[in-house]
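Okay, so here's the structure we're looking at.
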Amino acid sequence: STSGIARMSSPRPGVTWGSVPSGSGLQVPGPHRRRSASTDQIPIIRPTTDDQEGDPTDGLRISYSKMAVEGTGLKARRLSTSLPGEFWVDFCELEKEYKSPSIFPGRRGHLVGKGATATVTLMQRRGGHKDELYAVKEFRGKDKSEAEEEYIQKVKSEFSIAKSLHHPNIVDTVQLCVQHGRWNHVMEYCHVGELYTLVERGLFRTYYKLEDRLCFFKQIARGIDYLHSHGIAHRDIKLENLLMTNEGYIKITDFGVSEVFCGAHPGLRESGGQCGKDMGEIRRCAPGICGSLPYIAPEVLEKNGDYDPRPLDVWSCAIVFLTMTYSGSPWQAAKPEYQHYAKFAKGWSDWLAVHPDGMINDGVEGTPKCGPVFARLDSAPLKRLMLKMLHPDPKKRISMADALRTGLLKSVDCCSAESFEEPEQRGAVDATSKKSCKANRVLKKHSHLPPREHKTPRVLRHRFDMGDGYS
Numbered sequence: 001s002t003s004g005i006a007r008m009s010s011p012r013p014g015v016t017w018g019s020v021p022s023g024s025g026l027q028v029p030g031p032h033r034r035r036s037a038s039t040d041q042i043p044i045i046r047p048t049t050d051d052q053e054g055d056p057t058d059g060l061r062i063s064y065s066k067m068a069v070e071g072t073g074l075k076a077r078r079l080s081t082s083l084p085g086e087f088w089v090d091f092c093e094l095e096k097e098y099k100s101p102s103i104f105p106g107r108r109g110h111l112v113g114k115g116a117t118a119t120v121t122l123m124q125r126r127g128g129h130k131d132e133l134y135a136v137k138e139f140r141g142k143d144k145s146e147a148e149e150e151y152i153q154k155v156k157s158e159f160s161i162a163k164s165l166h167h168p169n170i171v172d173t174v175q176l177c178v179q180h181g182r183w184n185h186v187m188e189y190c191h192v193g194e195l196y197t198l199v200e201r202g203l204f205r206t207y208y209k210l211e212d213r214l215c216f217f218k219q220i221a222r223g224i225d226y227l228h229s230h231g232i233a234h235r236d237i238k239l240e241n242l243l244m245t246n247e248g249y250i251k252i253t254d255f256g257v258s259e260v261f262c263g264a265h266p267g268l269r270e271s272g273g274q275c276g277k278d279m280g281e282i283r284r285c286a287p288g289i290c291g292s293l294p295y296i297a298p299e300v301l302e303k304n305g306d307y308d309p310r311p312l313d314v315w316s317c318a319i320v321f322l323t324m325t326y327s328g329s330p331w332q333a334a335k336p337e338y339q340h341y342a343k344f345a346k347g348w349s350d351w352l353a354v355h356p357d358g359m360i361n362d363g364v365e366g367t368p369k370c371g372p373v374f375a376r377l378d379s380a381p382l383k384r385l386m387l388k389m390l391h392p393d394p395k396k397r398i399s400m401a402d403a404l405r406t407g408l409l410k411s412v413d414c415c416s417a418e419s420f421e422e423p424e425q426r427g428a429v430d431a432t433s434k435k436s437c438k439a440n441r442v443l444k445k446h447s448h449l450p451p452r453e454h455k456t457p458r459v460l461r462h463r464f465d466m467g468d469g470y471s
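Read in our numbering, the sequence shown has 390 at position 390, and its numbers run on one by one without any break.
Have a look at this one:
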């Protein structure tokens, strides 16, 4: 078969790392090693060889490809929105408000994540309950090339954006603190950790079903829709930035390269710490790579001009769903040199030649034929939604709000509340009340918590690839 998707092989212990090009152009598997806490890597689908037979959608081998360096560091950070001259952000001494949960005096806190430029530890609020834990992310020190004022602005910008967000599917940011000259973000601790880890464990092939994936997807979509409706684009939606709580809810984290594309920056005094103030004209982003390569939309990779950041988030959200579905990314990057993306792009090109309006409909010829990755999706409505979210023209790509209004996502039972205003009651329901019946449907309880790991050591859960975008 030349479909580009390999047949499933027997699972092997350890992690198979992404292949590297040989002189002949073939993909040669790299060495086995444990995933570094300071690097971005995601599952990818291995290419097939011509002698492989059988159903090309029988399964996927997992391999992990190191992220390209572009877009993950200082360059990406500088592409963020022009920062206001003055932020009004309160901060406090970390040790005065928080302490280590350790019974041993002098310990900083249990390390739950470490990257090249940040560490995340568990701490408790002084005087609080012992089970009330917080994730404390310590920022890296100022780079030699940075001015002190610029560095502090970046820290306060990320904090003020994150602090202004209040949604069930976004990690709650609590305080900005300083300790020994280092800045720290105190935030909600999500006990289960990243969706990346659950994909890495193979749970989306064996444990999680379509119902789970759709519930996760709807929660992520709601969080992104909330961001967009309040003038903020995340710009780095990926498995590593999606965390699960001990109730099985999904939360978006890491606003290091997010963009305030509309309205006043929440760090400004007149905003009062709120996002979505003075909404008006859409501000487009300057051309340049921002985010993690396999999740980035083609218009951003092309760097041909400025772009609206909202369709980027929509594209990334669809890639997240496909990665959960297949336990591997559909392509390493949205570039024609990668065969899976080339097949996807050709499907669109052929279809657009017959459908120049670019509108996907419910008919037999209503969607482009983009290869077995899309042909294997569980239903026609799901396939249509994925292709609408991955439309190559960002102007015709479906918005997140419209995606949530599709019949497919409206029919998905979701165990997370749509907003903090929605009551989380799962008890008796007044059958005469449409509002009550709707709340009961939306808050259906699922069992999303993963099974315990018995043979593997406890992993670093909150990795945080450095939320300030500097790695």
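Note that the Cβ used here is the ideal one computed from N, Cα and C, for glycine as well. Fair warning: this is a prediction, and the values are worked out from it, not measured in the lab.
Spatial neighbours of L210 in its own chain (CB-CB distance under 8 Å, excluding positions within 5 residues in sequence) are listed in chain order as D378. Of all alpha-carbon atoms in L203, F216 and A233, the one lying nearest the alpha-carbon of K445 is that of F216. The criterion of a C-beta distance shorter than 8 Å is not satisfied by S292 and K343. For E299, the CB contacts under 6 Å within the same chain, skipping 5 residues up- and downstream, are Y307 and P394 in chain order. Looking at the backbone, the Cα of G347 and that of G280 are separated by about 37 Å. Under the DSSP assignment, Y134 falls in the beta strand (DSSP E) whose first and last residues are L133 to F139. Contact between the segment 269–286 and the segment 243–253 is absent: fewer than three C-beta pairs spanning the two stretches fall below 8 Å. Counting along the chain, V186 sits inside the beta strand (DSSP E) bounded by residues R182 to E188. According to DSSP, M244 shares a beta bridge with G193 and I250.
Beta-carbon to beta-carbon, Y338 and I319 are separated by about 13 Å, too far to satisfy the 8 Å threshold.
Closest in C-alpha terms to N184, from the list K303, T367, I289 and K156, comes K156. Between the segment 410–417 and the segment 212–230, the count of Cβ pairs shorter than 8 Å is three or higher; the stretches touch. The residues C177, Q179 and N184, in chain order, have a CB closer than 6 Å to that of L94 in the same chain once the five nearest residues on each side in sequence are set aside. Short of 7 Å from the beta carbon of L352, and not among the five residues preceding or following it, lie these beta carbons of its own chain, in chain order: G358.
Straight through space, the alpha carbons of K137 and K130 are spaced by roughly 19 Å. DSSP, read as helix, strand or coil, puts S329 in strand. Counting only unbroken stretches of 4 or more residues, the alpha helix (DSSP H) elements lying wholly within the segment 356–383 are 372–375, in sequence order. Judged by DSSP in its simplified three-state form, K99 adopts strand. Note that the C-beta distance between V171 and P450 is not below 8 Å. Under the DSSP assignment, T206 falls in the alpha helix (DSSP H) whose first and last residues are L203 to T206. When the five nearest sequence neighbours on each side are left out, the beta carbons in the same chain lying within less than 8 Å of the beta carbon of F261 are those of T81, G231, I232, A233, I282, R283, R284, C285, D308, P309 and R310, in order along the chain.
Per the coordinates, the alpha-carbon of A147 lies some 36 Å from the alpha-carbon of P168. A Cβ-Cβ contact shorter than 8 Å links M400 with H228. In terms of CA proximity to S271, L165 leads the group L165, K99 and L404.
No Cβ-Cβ contact shorter than 8 Å links V186 with Y326.
Less than 8 Å divides the Cβ of L122 from the Cβ of Y189. A221 counts as buried, since at least 16 other C-beta atoms from the protein chains shown sit within 10 angstroms of its C-beta. Burial check for E240: the Cβ neighbour count within 10 Å reaches 16 or more, so the residue is buried. Out of F204, P336 and G273, the CA that lies nearest to the CA of Q175 is found in G273.
Taking all protein chains shown into account, K303 has fewer than 16 neighbouring C-beta atoms within 10 Å of its C-beta and is therefore exposed. About 5 Å separates the CB atoms of M324 and F204; that is less than 8 Å, so the two are in contact.
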